[in-house]
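According to my numbering, the sequence shown holds residues 73 to 205 in order.
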Amino acid sequence: MSKEKNAAILLISDDKNIFDTVQTLLKDKWEVKQYKFSELGKDALQGDFIVIIDFDKERIDKEQLGAIIQIKGSFGNLIPVLAILPEKNPQDIFEVLKLGAFDYITRRELNRKLEIKVKEIIRWKWYENRNLQ
């Protein structure tokens, strides 16, 4: 399969296992790059991309939630963010959506729903870009 044009996935995660899983699930269609939370900066975020942020159970805190704020603050709402949450905790879901995430999935749903969610984001982004022209 060919990779979809202009769609790169930036995965922000400190967990190598999550990167390996995301890479395996998406590598045939999209380029996947991993960044750790400590590496997050404007230099890493250039071009047309989708951001996936993995929030781990031990560290779903202001530092990790701040990644959404940093991305949205630097690039506006044009950059879609998909959150990977450790579990379906209503408070965590509310927080990531309130801060500007496009959607979320849980780690348990990753294998089943990741590609579907990325395709939804690409359709949304296409629609948004089309209406801006």
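All C-beta atoms in this analysis are idealised placements derived from N, C-alpha and C, irrespective of residue type, glycine included.
- The C-beta distance from V94 to I122 rounds to 11 angstroms, too long to meet the 8 angstroms contact threshold.
- Residue I165 holds the alpha-carbon nearest to the alpha-carbon of L137 among I194, T96, I165, L97.
- Assignment of E159 by DSSP, reduced to helix, strand and coil, places it in the coil class.
- Residue environment: I81 is assigned as buried (16 or more neighbouring CB atoms within 10 Å of its CB, all protein chains considered).
- Membership of D92 in the alpha helix (DSSP H) is indicated by the continuous run 88-98.
- Secondary structure of I151 (DSSP, three-state): coil.
- Take the alpha-carbon of D87 and the one of K99: they are about 18 angstroms apart.
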